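S.K.: Here my numbering = 1-based position in the sequence shown + 129.
Every residue gets a Cβ at the ideal spot worked out from N, C-alpha and C, and that includes glycine.
Please read these numbers as outputs of a predicted model, since none were measured by experiment.
Below: one structure in structure tokens.
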Amino acid sequence: MTKLAQAKLNLYTFQFKAMGTICDLQCYVSSAATGQAISQLVYADVSRLEKRYSRYLTDSYLAHINRAAAAGGEIAVDTETAGLLDYAATCYAQSDGLFDITSGVLRRAWRFDSGKLPEQSVIDSLLETVGWQKLHWQAPLLSFPLPGLEIDLGGVVKEYAADRAAVICQEAGVGHGFVNLGGDIRIIGPHPDGRPWIIGIQHPRDKQLVLQNLELHRGGMASSGDYERCMIIDGVRYGHIINPKTGWPVKHLASVSVVGDFCLIAGSATTIAMLKEQQGPAWLAELGLPYVCMDAAGNICQHPA
């Protein structure tokens, strides 16, 4: 891009609500009208994915899949869903079974607005229908030998949407900017002069504080923590990230933020690190993924140090 072309670009911010959160697109374009048109393309695709894979919509494609699952049936899925299931299967294998898209049923036991812990018997009953290994996946056929299984793609769809949004922007001619879907971030490209974007990581114990700022030229970043949905009982914090093997929330890490080539990779890595508890940071470092984390005691660690 020539200096003259660079000079014609201005930074615009466009905000919208989707997937239950505030989203925004920041991009350098020639005019507000151009940016608005591109923002609408992004919003349309994010909304499409929400309508397809939301667990809250009874007419979503995910609901259609789960009706087959409830009956112990089978269903042939489309190419996009097959790709997400393949990725979920990879995460399940690489996390030793901790990243499990069948574990969403456990949220029925954990009502974070109730202020009460669930009975162990309720958790044990739900655990009987948790386990990726209990279903059969051979593209394009998804089979549920055990009636009552359920899948939840909430751990991958928003991050996948962020990656798609960046590609949509690039295909529309945007070379500089980033997409932020409620904290799931994908860089389109650095500032026109090559400067990185400064992305702040929220402190898990104080929304007014920034835990750390990261400089990103490319790739994606995602964060997980025990602060998004939680309850505190007798001084113990119980967050929404639940171990699919025990049925109980993780406790060691308060937050993890990971940088990866794609937001999807960063997002699943943060979740797996949370689920691995004490071993989470070492696991991320072994993979070579840059991260910043804070444990429940307030200790901060990062890689690279």
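Which word fits Q331, buried or exposed, when buried means at least 16 other C-beta atoms lie within 10 angstroms of its C-beta?
M.R.: For the purposes of this step, residue 331 is identified with residue 202 of the sequence shown, where counting begins at 1. Result: buried.
S.K.: Could you tell me if A136 is buried or exposed, where buried requires 16 or more neighbouring beta carbons within 10 angstroms of its beta carbon?
M.R.: Here residue 136 refers to the residue found at position 7 of the sequence shown. Model confidence at A136 stands at a pLDDT of 48, short of 50, so the residue's coordinates are unreliable and nothing is read from them.
S.K.: I'd like to check one pair, A351 with V175: are the Cβ atoms closer than 8 Å?
M.R.: For the purposes of this step, residue 175 is taken as the residue at position 46 of the sequence shown. For the purposes of this step, residue 351 is taken as the residue at position 222 of the sequence shown. Cβ atoms of V175 and A351: not closer than 8 Å.
S.K.: Identify every residue that forms a DSSP beta bridge with V388.
M.R.: On the sequence shown, position 259 is the one that residue 388 refers to. Bridge partners of V388: M350.
S.K.: Return the Cβ separation of L255 and R240 in integer angstroms, given the expectation that the two are a contact with Cβ distance under 8 Å.
M.R.: For the purposes of this step, residue 255 is taken as the residue at position 126 of the sequence shown. For the purposes of this step, residue 240 is taken as the residue at position 111 of the sequence shown. So it is not a contact: roughly 13 Å between Cβ atoms.
S.K.: With the cut-off set at 8 Å, would you say F228 and I401 are in Cβ contact?
M.R.: By one-based count along the sequence shown, residue 228 stands at place 99. By one-based count along the sequence shown, residue 401 stands at place 272. A contact, by the Cβ cut-off of 8 Å.
S.K.: Could you say which of A411, A414 and V379 lies nearest to L404 if we only look at CA atoms?
M.R.: Sequence index remark: in the sequence shown, residue 404 carries index 275 (1-based). It is V379 whose Cα lies nearest to the Cα of L404.
S.K.: Using a Cβ distance threshold of 8 Å, determine whether the region 240-254 contacts the region 158-167, with at least three qualifying pairs required.
M.R.: No, because fewer than three Cβ pairs between the region 240-254 and the region 158-167 fall closer than 8 Å, the two stretches do not touch.
S.K.: Cβ atoms of G284 and I230: under 8 Å apart, would you say?
M.R.: In the sequence shown, residue 230 corresponds to position 101, counting from 1. In the sequence shown, residue 284 corresponds to position 155, counting from 1. Their beta carbons are under 8 Å apart, which means I230 touches G284 by this criterion.
S.K.: Is it buried or exposed, R324, if we count other Cβ atoms within 10 angstroms and call 16 or more buried?
M.R.: Within the sequence shown, residue 324 is the residue found at index 195, counting from 1. Exposed, by the Cβ-count rule.
S.K.: Does the region 184-196 come into contact with the region 335-345, if we say contact requires no fewer than three beta-carbon pairs (one atom in each stretch) closer than 8 Å?
M.R.: Flag = no, the region 184-196 and the region 335-345 do not touch.
S.K.: Evaluate K132 with the Cβ neighbour count: other Cβ atoms within 10 Å of its Cβ, from every protein chain shown; 16 or more gives buried, anything less gives exposed.
M.R.: Sequence index remark: in the sequence shown, residue 132 carries index 3 (1-based). Caution applies to K132, whose pLDDT of 39 falls short of 50 and renders its modelled position unreliable; the model cannot decide the point.
S.K.: Please identify the residue among T219, K245 and I314 whose C-alpha is closest to the C-alpha of D363.
M.R.: The count along the sequence shown starts at 1 and reaches residue 363 at position 234. Selected option, being the one with the closest Cα: K245.
S.K.: Determine the direct distance from the alpha carbon of E209 to that of P269, and round the result to whole angstroms.
M.R.: Position 140 of the sequence shown, counting from 1, holds the residue named residue 269. Position 80 of the sequence shown, counting from 1, holds the residue named residue 209. Each residue's alpha carbon lies about 10 Å from the other.
S.K.: On the criterion of 16 or more Cβ atoms from any shown chain inside 10 Å, does S183 qualify as buried, or is it exposed?
M.R.: Locating residue 183 in the sequence shown gives position 54, where the first residue counts as 1. Looking at its Cβ environment, which holds 16 or more other Cβ atoms inside 10 Å, S183 is buried.
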